[in-house]
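Going letter by letter, the sequence shown gives residues 3 to 323 in my numbering.
Beta carbons are placed, not taken as given, at the ideal position from N, Cα and C, and that holds for glycine.
Predicted, not measured: the structure shown is a model, and the values here were computed from it.
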Amino acid sequence: MSAPEQFLVDNAAGWRLAMTRVSPPETTKPGLRPVLIIPGYGMNSFIFGFHPEGLSLVEALAARGHEVWTVDLRGQGRTIRARGSLRYGMAELAIEDVAAAIKHVVTNTRTGADKVDLIGCSLGTALAFAHVACVPESPVHAIVSLGGLVTWKEAHPIVRFAFGSPWLAGMLRVKNTRQMARVALPVLAKVAPSVLSVYLNHRSTDLSQSHRMVQTVEDPHPVINREIAEWIQRGDLVVDGINVSKKLASFTHPFLCVVANDDGIVPPATSRHTYDVIGSSTKEILFVGDADLPIAHADLFLCRGAEDRVFAPIANFLHDV
3 MSAPEQFLVD NAAGWRLAMT RVSPPETTKP GLRPVLIIPG YGMNSFIFGF HPEGLSLVEA
63 LAARGHEVWT VDLRGQGRTI RARGSLRYGM AELAIEDVAA AIKHVVTNTR TGADKVDLIG
123 CSLGTALAFA HVACVPESPV HAIVSLGGLV TWKEAHPIVR FAFGSPWLAG MLRVKNTRQM
183 ARVALPVLAK VAPSVLSVYL NHRSTDLSQS HRMVQTVEDP HPVINREIAE WIQRGDLVVD
243 GINVSKKLAS FTHPFLCVVA NDDGIVPPAT SRHTYDVIGS STKEILFVGD ADLPIAHADL
303 FLCRGAEDRV FAPIANFLHD V
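Here you go:
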């Protein structure tokens, strides 16, 4: 696999977004649209290029002929703050950052395509749909939800407790989350795996490289904390005054919904709801995990057999639509 190409992209709001492209010339198939992967909350794009045992999501898609792009939104990964404000929310991420990333992909793709396919991971799904709701002329073809959501139908008690008060959620500032995760992850895996299994199940994922996995962890953002708390209470996703949940029925993008059977961050009922209500005539749903191999939120990227269970079906769907 060729080394990723790295870019810094001006989002026109004082940030330079870190983007990567993996496009091996020997495997990239003509006619396929470029794929842009959008991270979720409290994470960056590192995890898309990492797997403890096999091919990562990026590597698996590229091996099947796709030109694959990742982006770090503001406050994530290698993205650089130049003069941009630190006060931003989901609207800025969905409208400004995702738009800048899509424009860069369409302008620089080697595929010749004039549209892009989006893979939204966790909150990245909400940002993808918020983007097409707020920027309806955006050149987006297909959308994949990977453990993502638009409307809260259910919330795990831990999540509901953590975001129980919008005011409190918006006031708390947590720093050094990655360092704390580096210490806590191996300890929880040994002494309290049931607590960790809300996010990552030790029965399904090899945690021996947890010190590398935590490179994807980012500090939470107070404004987005408040917005998530309000979103959970309201149910519907509202971004920049637009009720994205209500607009789902009018969307016609080909859509694949990937649901983890034991997800404690985005419960299956919440994740699959997007599939149930979207207006797309071309839509598929993929349930991942069973009693023997319970798949939690992050297991979708990291579990044993992820290439066959998750990554290959995504590649096949995007190839066919």
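{"Check": "Buried or exposed (CB count within 10 angstroms, at least 16 for buried), E61", "Outcome": "buried"}
{"Check": "Through-space distance from G79 to A151, alpha-carbon basis", "Outcome": "Note that residue 151 is Leu in the sequence shown, not Ala. Each residue's alpha carbon lies about 23 Å from the other."}
{"Check": "Contact set for G91: own chain, Cβ-Cβ below 7 Å, skip 5 residues either direction", "Outcome": "V225, I226, E229"}
{"Check": "CA-to-CA distance, I40 to V193, given in whole angstroms", "Outcome": "33 Å"}
{"Check": "Assigned secondary structure, F52 (DSSP; H/G/I helix, E/B strand, else coil)", "Outcome": "coil"}
{"Check": "V330 versus E139: straight-line alpha-carbon distance, rounded", "Outcome": "Given that the chain is displayed from residue 3 to residue 323, the structure contains no residue 330 and the question cannot be resolved."}
{"Check": "C-alpha gap between D322 and D221, whole angstroms", "Outcome": "37 Å"}
{"Check": "Where F253 falls: helix, strand or coil (DSSP)", "Outcome": "coil"}
{"Check": "R162 versus A231, K117, P195, residue with shortest Cα-Cα distance", "Outcome": "A231"}
{"Check": "Local Cβ density within 10 Å of R85, reported as buried at 16 or more and exposed below that", "Outcome": "exposed"}
{"Check": "Burial state of V176 (16 or more Cβ within 10 Å)", "Outcome": "exposed"}
{"Check": "Stretch pair the region 135 to 149 + the region 96 to 105: three plus CB contacts closer than 8 Å", "Outcome": "yes"}
{"Check": "Contact under 7 Å by Cβ, E69 with P36", "Outcome": "yes"}
{"Check": "contact_flag[the region 242 to 260, the region 284 to 292] where n(CB pairs < 8 Å) is 3 or more", "Outcome": "yes"}
{"Check": "Ordered list of alpha helix (DSSP H) runs contained in the region 137 to 173, each at least 4 residues", "Outcome": "159 to 164, 168 to 173"}
{"Check": "E309 (DSSP reduced to helix, strand or coil)", "Outcome": "helix"}
{"Check": "Same chain only: Cβ atoms within 7 Å of A298, ignoring 5 sequence neighbours per side", "Outcome": "S199, V200, Y201, L202, N203, A262, D264, D265, G266"}
{"Check": "R306 beta carbon near the ligand COA (any heavy atom closer than 6 Å)", "Outcome": "Of ligands this structure carries none, so the ligand COA is not represented either."}
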